[in-house]
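Shown next, in structure tokens, is the structure this report addresses.
There are 2 protein chains.
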Amino acid sequence: MFPLPDPMARALAAARDAARAGEVPVGAVILHAGKVIATAANAPRALCDPTAHAEMLAIRAAAATLGSDRLDDCDLWVTLEPCAMCAGAIAHARITRLYYGASDAKGGAVEHGPRFFAQPTCHHRPEIYSGIGEGEAGALLRDFFAARR
Amino acid sequence: MFPLPDPMARALAAARDAARAGEVPVGAVILHAGKVIATAANAPRALCDPTAHAEMLAIRAAAATLGSDRLDDCDLWVTLEPCAMCAGAIAHARITRLYYGASDAKGGAVEHGPRFFAQPTCHHRPEIYSGIGEGEAGALLRDFFAARR
Chain A
12 MFPLPDPMAR
22 ALAAARDAAR
32 AGEVPVGAVI
42 LHAGKVIATA
52 ANAPRALCDP
62 TAHAEMLAIR
72 AAAATLGSDR
82 LDDCDLWVTL
92 EPCAMCAGAI
102 AHARITRLYY
112 GASDAKGGAV
122 EHGPRFFAQP
132 TCHHRPEIYS
142 GIGEGEAGAL
152 LRDFFAARR
Chain B
12 MFPLPDPMAR
22 ALAAARDAAR
32 AGEVPVGAVI
42 LHAGKVIATA
52 ANAPRALCDP
62 TAHAEMLAIR
72 AAAATLGSDR
82 LDDCDLWVTL
92 EPCAMCAGAI
102 AHARITRLYY
112 GASDAKGGAV
122 EHGPRFFAQP
132 TCHHRPEIYS
142 GIGEGEAGAL
152 LRDFFAARR
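One line per chain: the protein sequences are A and B, in this order.
So the first sequence is numbered by my numbering: it starts at 12 and just counts up by one.
So the second sequence is numbered by my numbering: it starts at 12 and just counts up by one.
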């Protein structure tokens, strides 16, 4: 078995941090010109913020670092298929490439539900790659929800 | 002509503040149990944050005020039809009622594009009312973009 690309390994580590904090285990990483500039774990409960998904926190941190509301030449790696909120933010931020691990038939908005980037009204579509690290990303989520049932 | 409901008048005032700051003029207000707990103007440029739409800032402020990532018994008033990002956040926050002014054929995700709340995968649908204050909300946006052409 080959190791995962470094950004997805970092995103999975952030997802494990989220699980340990009692949050749904999702993690995200943003690279600018190939260098990691933001890493975030899902944290809506800890932050009392329903918008605090890993992708949103990573996008906000990266934008603050770059000093711009446009993340030119940035790639986002996330362990789970983004929801509609996060897909919309990815478009607003003009993310160049989106890599995600597990697909999400319930809450995903890329290949499921609203299929946001396939809508004719979508104003920016990143290149999209999926399935990288999906085994571990999905296992983290299954274990998390199984422990809470 | 009857006056607008107070929350939409406040949201329009926030939209005018956004225009004066050089931001796309959209404003939002959140009421909890009938009392205003958050007012926000669209501010992605000023905040270097592509997620800083008026609705998002209002939701985050209201959640901080209530100390919870669920905005139970809360209504959101916004001058423009929410985009996919904001519609997703409205669902995550469990907003009870959504009132919006102008519809947005280009970026809207309620009655246009992904029609987020009509998707079978949507996990929370607020009651939705539209068109309140749409004349002034639309004029603010038209004037803003006309001045930039």
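Don't be surprised by glycine CBs; every beta carbon is placed ideally from N, CA and C.
If you look at A/D86, you'll find it in the beta strand (DSSP E) that goes C85 to L91. In the three-state reduction of the DSSP assignment, B/R108 falls in the strand class, which pools E and B.
Spanning the alpha carbons of A/P125 and B/L15 requires a straight line of approximately 33 Å.
Three or more beta-carbon pairs drawn from the stretch 60-73 of chain B and the stretch 55-62 of chain A are found closer than 8 Å, and the two stretches are therefore classed as touching.
Sorting B/E66, B/A129 and B/A22 by C-alpha distance to the C-alpha of B/A104 places B/E66 at the top. With at least 16 other beta carbons inside 10 angstroms of its own, A/Y111 counts as buried. In the structure shown, B/A54 adopts coil according to DSSP, grouped into three states. In this structure, B/A54 is the residue among B/A54, B/A44 and B/A22 with its C-alpha nearest to the C-alpha of B/V35. Nearest to A/A74 by C-alpha distance, out of A/H123, A/I48 and A/P18, is A/I48. At a cut-off of 8 Å between C-beta atoms, B/H135 does not count as an interface residue with respect to chain A. Residue pairing by DSSP places B/A39 opposite B/A51 and B/V89 in a beta bridge.
Between A/A120 and B/E92, the alpha-carbon positions lie close to 19 Å from each other.
With distances taken between CA atoms, B/G142 lies nearest to B/V89 out of B/C97, B/V89 and B/F155.
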